[in-house]
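Residue numbers (this note's numbering), protein chains in the order written: chain A, 1 to 113; chain B, 114 to 223.
In this text, a Cβ means the ideal position worked out from N, Cα and C, and glycines have one as well.
In what follows, a structure is listed as structure tokens, so that the remarks can point back to it.
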Amino acid sequence: DSGVTQTPKHLITATGQRVTLRCSPRSGDLSVYWYQQSLDQGLQFLIQYYNGEERAKGNILERFSAQQFPDLHSELNLSSLELGDSALYFCASSVEGARGDYTFGSGTRLTVV
Amino acid sequence: GQNIDQPTEMTATEGAIVQINCTYQTSGFNGLFWYQQHAGEAPTFLSYNVLDGLEEKGRFSSFLSRSKGYSYLLLKELQMKDSASYLCAVRSYNTDKLIFGTGTRLQVFP
């Protein structure tokens, strides 16, 4: 157990639907990062939150949104889902400025049918 | 922006040594990371370099040259379980976000 918890582990949904992915960071970590990994692709940075505030944005689609709550857990909302959104979605957490201490959750595998 | 390049695939023999290269172009560099990822699993941290030189950690070593925008990961005494993807990532100075290369898939044969 890495200390970063992601739920659910698997999600199958239909095109056009909306889903919410949840991430609880490791205790003490203030930063949360979301990544998308399509089949045989690298990790694409989506968005970063630090202590409840958006810190950085990557190539995140307008149909996607995220937030970090006061208890530091984060949710990634994906709407109007398309087949191409099928991917592994990883959450990572870190203490700001940490030396190599980015810990990943086990991911949520989203399948859009 | 940031651009990170790694070879797509490499093969090696059990017991051998393999070097995986990574070149990067970035503004605001604040460290280079190597992660290992088995298929369908979470990436796990291997090494970190922020200053030039070699960092050694058991069978794994990583080297960084900031002036050349170049790093490599050296794996010694390869084992079958080392078959995985190896991801090079650069940390942004302003935000601490990690930007990953596409990864190098390493296959180790007996």
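State the start and end residues of the unbroken beta strand (DSSP E) segment that holds Glu54/A. 53-57
Distance between Leu81/A and Arg55/A (C-alpha atoms, nearest Å): 25 Å
Is DSSP giving Lys170/B helix, strand or coil here? strand
Apart from the five residues on each side of it in sequence, which residues of its chain come closer than 6 Å, Cβ to Cβ, to Arg218/B? Glu122, Ser198
Among Phe45/A, Ala14/A, Gln6/A, Leu88/A, which has the Cα closest to the Cα of Thr208/B? Phe45/A
Is there a C-beta anywhere in chain A that falls below 8 Å from the one on Ile133/B? no
Can you list the residues of chain A that Gly216/B reaches, using a CB-CB cut of under 7 Å? Gly42
Assuming contact is defined by CB atoms lying nearer than 8 Å, are Leu186/B and Ser175/B in contact in what I supplied? yes
Gly84/A - DSSP class collapsed to helix/strand/coil: Annotated three-state conformation of Gly84/A is helix, per DSSP.
Here's the rule I'm using: 16 or more other beta-carbon atoms within 10 Å means buried, otherwise exposed. How should Val32/A be labelled? buried
How far does the beta strand (DSSP E) with Asp195/B in it extend, from its first residue to its last? Unbroken run through Asp195/B: none, as it is neither H nor E.
Would Arg22/A pass as a contact of Leu78/A if the rule is Cβ separation under 8 Å? no
First and last residue of the beta strand (DSSP E) that includes Ser71/A? Looking at the sequence itself, residue 71/A is Asp, so the reference to Ser does not match. Element bounds for Asp71/A: n/a, residue is neither H nor E.
Gln36/A (DSSP reduced to helix, strand or coil): strand
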